[in-house]
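So the structure is just underneath, and the comments pick up after that.
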Amino acid sequence: MGYIKIPSCSTQEQSAGFASNIWARLNMDPKDQSTWTKERIHMPTHQSVLVADFAPKAWNAICDLLGGTSRINTAASSNWRDSFIVNLGTPSTLNKPATPRQLYDWHIDGDFFIHYLDSPEQALLVIPLFSGIAPNGGGTFICPPAISTAAQHLYENPAGVSPRMVQRPKSPADGDTWIFTLSDWFNPAVRSFPPSAFVEVTGQIGDVYLLHPLMLHSASKNATRVPRIITNPPVSLREPFCFDRREEDEFSLVERKTLKALGRERLEGWQIRGSRERIVPERTNILERMRKEEAERLGN
177 MGYIKIPSCS
187 TQEQSAGFAS
197 NIWARLNMDP
207 KDQSTWTKER
217 IHMPTHQSVL
227 VADFAPKAWN
237 AICDLLGGTS
247 RINTAASSNW
257 RDSFIVNLGT
267 PSTLNKPATP
277 RQLYDWHIDG
287 DFFIHYLDSP
297 EQALLVIPLF
307 SGIAPNGGGT
317 FICPPAISTA
327 AQHLYENPAG
337 VSPRMVQRPK
347 SPADGDTWIF
357 TLSDWFNPAV
367 RSFPPSAFVE
377 VTGQIGDVYL
387 LHPLMLHSAS
397 KNATRVPRII
407 TNPPVSLREP
417 FCFDRREEDE
427 FSLVERKTLK
437 ALGRERLEGW
447 QIRGSRERIV
457 PERTNILERM
467 RKEEAERLGN
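For the sequence shown, the numbering used here assigns the number 177 to the initial residue and increments by one for each residue that follows.
The structure is reproduced here in structure tokens:
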């Protein structure tokens, strides 16, 4: 399936408390939609909570899926930050839901590194719900069957691809322009799937979704205009995924899902043929400017 939904990982009071200053940060009035001047907002971070304390069920599941705590880069993965992603909709989206194949924001997370099949930087896609999300309420759409499409593309490109799935050029003379080349790889990748292939992320405040790192997903239209609030906290590994372990029971559940998506039991001798590289995404400067503006509104 490629994902699990874990209900009630945190209490409504915990979640509401962590997001209590969100409207002040947005400089909007929750009771006055005329102040909702943006459809979707990716917010910067000011504070964090320890996942093991805030949502222990979610943390335990994360560890189980990835083969144990010892494999997780806990320094980068053990906290959830208040970098909320808010979907307010617009007057034009009210009562006008879009179907998954009408959406044009399909992607895989990880705009900050060169992607390989075994990349450790984005080991899971995590979606904690900080608001209830009803059907057509702006929840993320996911396409589980497309995991195979993404896995095959990465398997066939061991030299690495950009966050937009652009292949690394064979000639070093081409420089790094390929990393930032625009590509529409994702949207066509989901067009061939039937409506039954798509899943809408819905649930109650405190629920958490854990998704395979190669899950194609897209923001959706909020046809209810009930504010939808989530985060996408990162989970990374100490070492890359391994698809050629000596014993079958040493494979993590995520590694097994990747192998199943490729129709293989293991990838004997498989290895990457490029260097692991970090990218500074455009959003970094944007979020820092937003953080300063929010801090001023909060009096910090």
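A virtual CB, placed ideally from N, CA and C, is assigned to each residue, including glycine.
8 angstroms contact criterion, which residue i and residue j should meet: CB distance rounded
| i | j | result |
| --- | --- | --- |
| H222 | R467 | 7 angstroms |
| Q380 | L305 | 7 angstroms |
| R201 | L474 | 7 angstroms |
| S184 | L226 | Contact flag wrong, Cβ pair sits at about 18 angstroms. |
| V366 | A322 | 6 angstroms |
| M391 | P320 | 7 angstroms |
| Y280 | L438 | Actually they are not in contact, since the Cβ atoms of Y280 and L438 sit about 27 angstroms apart, beyond 8 angstroms. |
| V377 | I309 | 7 angstroms |
| F288 | S396 | Not really, about 24 angstroms apart at Cβ, beyond 8 angstroms. |
| P148 | L301 | The requested residue 148 does not occur in the structure, where the chain is confined to residues 177 to 476. |
| I198 | F260 | 6 angstroms |
| A195 | D294 | That pair is no contact at about 35 angstroms. |
| E297 | G286 | 6 angstroms |
7 angstroms Cβ cutoff met for residue i and residue j
| i | j | result |
| --- | --- | --- |
| P409 | W256 | yes |
| F356 | H283 | no |
| I406 | P334 | no |
| A299 | S412 | yes |
| G243 | S428 | yes |
| V337 | H291 | yes |
| G313 | R440 | no |
| V342 | S324 | no |
| E444 | D420 | yes |
| R340 | G450 | no |
| I180 | L435 | no |
| V430 | L241 | yes |
| P206 | A399 | no |
Bridge partners - residue i, DSSP secondary structure assignment
| i | result |
| --- | --- |
| W256 | V225 |
| Q343 | V337 |
| V384 | I182 and P304 |
| E376 | F317 |
| N263 | R216 and R404 |
| R454 | F289 |
Test: residue i CB closer than 7 angstroms to a CB of chain C
| i | result |
| --- | --- |
| G308 | The structure shown contains no chain C, having only a single protein chain. |
Could you pull out every unbroken alpha helix (DSSP H) segment of at least 4 residues lying fully inside the segment 281-334, listed in chain order?
Those alpha helix (DSSP H) runs which fall completely within the segment 281-334 and span 4+ residues are 322-331.
Note down, one range per segment and in chain order, each beta strand (DSSP E) of at least 3 residues found wholly within the segment 391-442.
DSSP assignment within the segment 391-442 yields the following whole beta strand (DSSP E) runs of 3 residues or more, N-terminal first: 392-394 and 404-406.
On the three-pair Cβ rule with 8 angstroms, is the segment 232-240 touching the segment 188-196?
With the cut-off at 8 angstroms, the segment 232-240 and the segment 188-196 do not touch.
Assess contact between the segment 265-278 and the segment 415-429, defined as three or more Cβ pairs (one per stretch) separated by less than 8 angstroms. Is contact present?
No, the segment 265-278 is not in contact with the segment 415-429.
Pick out the complete alpha helix (DSSP H) segments inside the segment 186-256, 4 residues or longer, and give them in chain order.
The qualifying runs are 188-194, 198-202, 227-230, 232-241 and 250-253.
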